[in-house]
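Chains A and B supply the protein sequences, listed in that same order. Under my numbering, residues 167 to 409 are what the first sequence spells out, in order. Under my numbering, residues 42 to 306 are what the second sequence spells out, in order.
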Amino acid sequence: MSEVLRTVSLTKKFGSIEAVNNLSFSLSNSSITALLGGNGAGKTTTISMLLGLLLPSSGKIEIFGEDFVKNRYPALGKMNFSSPYVDLPQRLTVKENLSVYAKLYGLADQKGAVLKMLETFKLAEFANRRVRNLSAGQKTRVSLAKAFINDPKLLLLDEPTASLDPETARWVRDFLMVYKKKSNATILLASHDMKEVEQLCERVILLKNGKLVEEGSPNALLDKYDRKTLEDVFLDISKGNSG
Amino acid sequence: MSLDSLNRVHALLLRYLYVLRSSWPRIIEIAYWPTMQLVIWGFVSLHFGANQPELTASGILISVVLVWDSLFRSHVSYTLSFLEEMWSRNLGNLFVAPLRPWELILALASISLIRTFIGMIPAALLAIPFFGVSVFDMGLPLLAFFFNLVFTGWAISQVVTGILIRFGLGAESLTWVLPFLIAPVSCIYYPLSVLPDWLQVIAQLIPTSYVFEGMRFLLLEGHLRLDLLFTAFCLNCIYFLFGLCVFLLSFRSARKNGLLLQSGE
């Protein structure tokens with residue numbers, strides 16, 4: 167499988183603090199990978215660098231085979247993301263928001279793409295409602311609709327099922343699996359929901375204090391740490407127990 | 042400029058127009074302040090005109106008030122649209138799309154122009170029946186004065202948005218403070234010669250002083266001083282480029298310090 171994303175010795179320092187330290191990993195085409203770690207482990211910093219929102223202190227990021235730090239624009243059109251730390255304009259309706267992003271990504275059939283997202287994320291009945299008047303779960307769905315509007319080949323999702331009820335969360339997980347298969351997309355997701363990670367991801371990357379401390383498939387990690395759940399593995403690693 | 046770039050500018054412009062049309066009070070507010078300025082200065086002008094007609098000859102007082110407001114409106118409209126992105130924590134979403142910083146600048150300038158027209162045209166039209174002053178009588182030079190002041194407004198906006206992107210919403214009040222910093226040396230209501238010598242030197246570095254000197258020449262002497270307009274334009278180009286540098290450097294600094302994801306309230 168070809169590599170879609172590759173980081174080499176990626177480092178980010180804020181003054182004397184090393185938020186991400188010498189991080190090297192790659193993501194292969196048509197895969198779902200989880201980026202795990204406790205608070206302050208460096209997940210958001212890593213994702214911000216992979217999105218071009220944050221400049222690395224040193225190291226390399228290659229996306230779709232191109233140097234992303236030097237020129238991020240060609241890759242950005244084929245990427246997208248969703249995060250609870252970022253909102254969509256609250257005063258705009260769901261449809262207006264999606265129309266703006268369809269245009270921003272230069273889609274050929276913008277109206278068609280908006281209608282497709284409204285249907286896919288079950289937002290048609292709220293299409294003309296302002297985002298500020300939606301529930302937290304509905305806002306998460308709008309944010310996901312925005313993230314999928316350009317049919318991205320690389321998707322970075324931060325807590326994609328946060329604020330969703332169990333039924334919708336399951337639906338989103340199923341959707342991610344189907345989307346990956348259908349579009350050959352690569353997905354990197356940060357999540358604290360270990361069951362979700364076990365269910366969705368072929369691979370896990372675990373960060374601690376900005377460093378990569380473990381990586382592998384969920385099953386391989388369960389075997390290595392002789393644990394039944396990924397949550398226990400996560401706790402072991404957080405406490406500094408080795409496998 | 043490529044078609045893709047134009048599309049992205051159009052997308053952002055749509056976003057700002059959606060915000061504008063979502064609230065009638067907002068649209069009314071845009072026209073409200075210039076109209077209030079006109080009413081107050083209109084009566085001041087009538088009062089002065091009755092005692093010292095030379096102060097209000099050719100509707101000078103009302104004309105300069107209206108034209109000065111175009112600078113303030115263009116700057117506030119530009120900066121408020123940018124603040125919308127910060128208030129709604131949307132900068133992260135915008136800059137993970139293939140949006141270039143200069144495309145954002147172009148979109149902000151476009152919406153600023155639209156909002157300035159919405160604000161200024163009703164006030165300028167009301168001045169005709171109520172105070173017998175038509176700024177449109179200046180003809181084409183009015184456009185030159187207007188665009189020079191709008192240009193100054195954008196230069197200030199770029200500095201302010203640069204500071205906002207770098208230092209966050211704590212610097213929000215600069216939006217209203219900064220344009221008034223140049224007001225005393227812009228010679229809006231009085232000629233340059235009124236200022237003390239040392240302040241005249243500073244005023245000569247400010248493009249707006251040339252615009253208002255030029256307007257006074259046109260309205261009182263009846264001829265257009267192209268040299269003043271040209272100097273104003275050249276100074277504006279310098280300040281605009283300076284503003285652009287401040288914005289781009291601040292944007293880079295925000296990317297270096299991870300501020301684009303933390304731009305909300």
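Backbone N, C-alpha and C define an ideal beta-carbon position, used for all residues, glycine too.
- Glu397(A): which of Asp359(A), Val379(A), Asn407(A), Gly376(A) sits nearest, CA to CA? Residue mapping note: residue 397(A) aligns to position 231 of the first sequence, counting from 1. Looking from the CA of Glu397(A), the closest CA among Asp359(A), Val379(A), Asn407(A), Gly376(A) belongs to Asp359(A).
- Message: Quick check on Met42(B): does DSSP put it in helix, strand or coil?
- Response: Your numbering for residue 42(B) matches position 1 in the second sequence. If DSSP states are grouped into helix, strand and coil, Met42(B) belongs with coil.
- Is the beta carbon of Arg380(A) less than 8 Å from the beta carbon of Ile403(A)? Looking up residue 380(A) in the first sequence gives position 214. Looking up residue 403(A) in the first sequence gives position 237. Per the sequence shown, the amino acid found at residue 380(A) is Glu instead of Arg. For Glu380(A) and Ile403(A), yes; Cβs fall inside 8 Å.
- Query: Does any CB atom of chain A fall closer than 8 Å to the CB of Val60(B)?
  - Reply: The sequence position of residue 60(B) within the second sequence is 19, counting from 1. At a cut-off of 8 Å between beta-carbon atoms, Val60(B) makes contact with chain A.
- Nearest residue (CA-CA) to Thr327(A), options Gly303(A), Lys348(A), Met343(A): One-based indexing of the first sequence puts residue 327(A) at position 161. Checking every option, the nearest Cα to that of Thr327(A) belongs to Gly303(A).
- Taking only beta-carbon positions, decide if Lys305(A) is within less than 8 Å of chain B. Here residue 305(A) refers to the residue found at position 139 when the first sequence is read from its first residue. Against chain B, the CB of Lys305(A) has no partner CB under 8 Å away; the residue lies outside that interface.
- Item | Cutoff 8 Å: Leu217(A) Cβ touching any chain B Cβ | Translated into positions along the first sequence, residue 217(A) becomes position 51. Closer than 8 Å: yes.
- Message: Taking only three categories from DSSP, how would you classify Phe230(A)?
- Response: As a position in the first sequence, residue 230(A) is number 64, starting the count at 1. Coil, per DSSP.
- Minimum Cβ-Cβ distance from Asp238(B) to chain A less than 8 Å: Counted from its first residue, the second sequence places residue 238(B) at position 197. Answer no: the Cβ-Cβ gap between Asp238(B) and chain A never drops below 8 Å.
- Query: Taking the alpha-carbon positions, what's the Leu242(A) to Ala98(B) distance?
  - Reply: Here residue 242(A) corresponds to residue number 76 of the first sequence, with the count starting at 1. Here residue 98(B) corresponds to residue number 57 of the second sequence, with the count starting at 1. Per the coordinates, the alpha-carbon of Leu242(A) lies some 58 Å from the alpha-carbon of Ala98(B).
- Item | Host alpha helix (DSSP H) of Ile68(B) (start-end) | Your numbering for residue 68(B) matches position 27 in the second sequence. Element bounds for Ile68(B): 65 to 92.
- Query: Which first and last residues belong to the alpha helix (DSSP H) in which Val260(A) is found?
  - Reply: By 1-based counting over the first sequence, the position of residue 260(A) is 94. Segment 260 to 270, the alpha helix (DSSP H) holding Val260(A).
- Query: Hey, how far is the Cα of Pro384(A) from the Cα of Leu372(A)?
  - Reply: Working through the first sequence from its first residue, we reach residue 384(A) at position 218. Working through the first sequence from its first residue, we reach residue 372(A) at position 206. Spanning the alpha carbons of Pro384(A) and Leu372(A) requires a straight line of approximately 11 Å.
- Query: Where DSSP assigns a beta bridge to Val252(B), which residues make up the other side?
  - Reply: Locating residue 252(B) in the second sequence gives position 211, counting from the first residue. Val252(B) has no beta-bridge partner at all, per DSSP.
- Rounded to whole angstroms, how far is the Cβ of Leu201(A) from the Cβ of Leu301(B), which I believe are closer than 8 Å? Position 35 of the first sequence, counted from the first residue, corresponds to residue 201(A). Position 260 of the second sequence, counted from the first residue, corresponds to residue 301(B). Under the criterion of beta carbons closer than 8 Å, Leu201(A) and Leu301(B) do not qualify as touching, at roughly 19 Å.
- Taking Cβ-Cβ distances below 7 Å as the criterion, which residues of the stretch 45 to 56 of chain B are in contact with chain A? Of all residues in the stretch 45 to 56 of chain B, Asp45, Asn48, Arg49, His51, Ala52, Leu55, Arg56 have a Cβ within less than 7 Å of some Cβ in chain A.
- Nearest to Asn187(A) by alpha carbon, out of Leu388(A), Arg393(A), Lys394(A), Asn375(A)? Within the first sequence, residue 187(A) is the residue found at index 21, counting from 1. Nearest option by C-alpha distance: Asn375(A).
- Quick one: which chain A residues come within Cβ less than 7 Å of Gly160(B)? The residue you call residue 160(B) lines up with position 119 of the second sequence. Residues of chain A with a Cβ closer than 7 Å to the Cβ of Gly160(B) do not exist; the shortest Cβ-Cβ separation is about 20 Å.
- Item | Euclidean distance between Cα positions of Ser227(B) and Val242(B) | Position 186 of the second sequence, counting from 1, holds the residue named residue 227(B). Position 201 of the second sequence, counting from 1, holds the residue named residue 242(B). Near 12 Å, if we compare the C-alpha coordinates of Val242(B) and Ser227(B).
- Determine the burial state of Ser265(A): buried for a count of at least 16 other Cβ atoms within 10 Å of its Cβ, exposed for fewer. Numbered from its first residue, the first sequence carries residue 265(A) at position 99. With 16 or more other CB atoms across the displayed protein chains lying within 10 angstroms of its CB, Ser265(A) is buried.
- Determine the chain A residues that contact Gly255(B) at a beta-carbon separation under 9 Å, and present them in chain order. Counted from its first residue, the second sequence places residue 255(B) at position 214. Near Gly255(B) there are no residues of chain A at all, since even the closest Cβ is about 40 Å away, more than 9 Å.
- Task: Report the neighbours of Arg130(B) on chain A: residues whose CB is nearer than 7 Å to its CB, in chain order.
- Result: Walking along the second sequence from the start, residue 130(B) turns up at place 89. Those are Val252, Asp253, listed as they occur along chain A.
- So with Cβ pairs under 8 Å, would you call Gly243(A) a contact of chain B? For the purposes of this step, residue 243(A) is identified with residue 77 of the first sequence, where counting begins at 1. Yes, because at least one Cβ of chain B sits closer than 8 Å to the Cβ of Gly243(A).
- Three or more C-beta pairs below 8 Å linking the stretch 137 to 153 of chain B and the stretch 282 to 292 of chain B: Taking one beta carbon from each stretch, the stretch 137 to 153 of chain B and the stretch 282 to 292 of chain B have 3 or more pairs nearer than 8 Å; the two touch.
- Task: Starting from Arg296(B), find everything on chain A with Cβ-Cβ shorter than 7 Å and list it in chain order.
- Result: Start at 1 with the first residue of the second sequence, and residue 296(B) comes out as number 255. Around Arg296(B), the beta-carbon contacts reaching into chain A at under 7 Å are Leu219, Leu220, Leu221.
- Report the three-state DSSP secondary structure of Lys319(A) (helix, strand or coil). Stepping through the first sequence from its first residue, residue 319(A) is reached at position 153. In the structure shown, Lys319(A) sits in coil (DSSP, three-state: anything other than H, G, I, E or B).
- Query: So which residues of chain B does Val266(A) contact, with C-beta pairs closer than 8 Å?
  - Reply: Walking along the first sequence from the start, residue 266(A) turns up at place 100. The answer, in chain order, is Ala52, Leu53, Leu55, Arg56, Tyr59.
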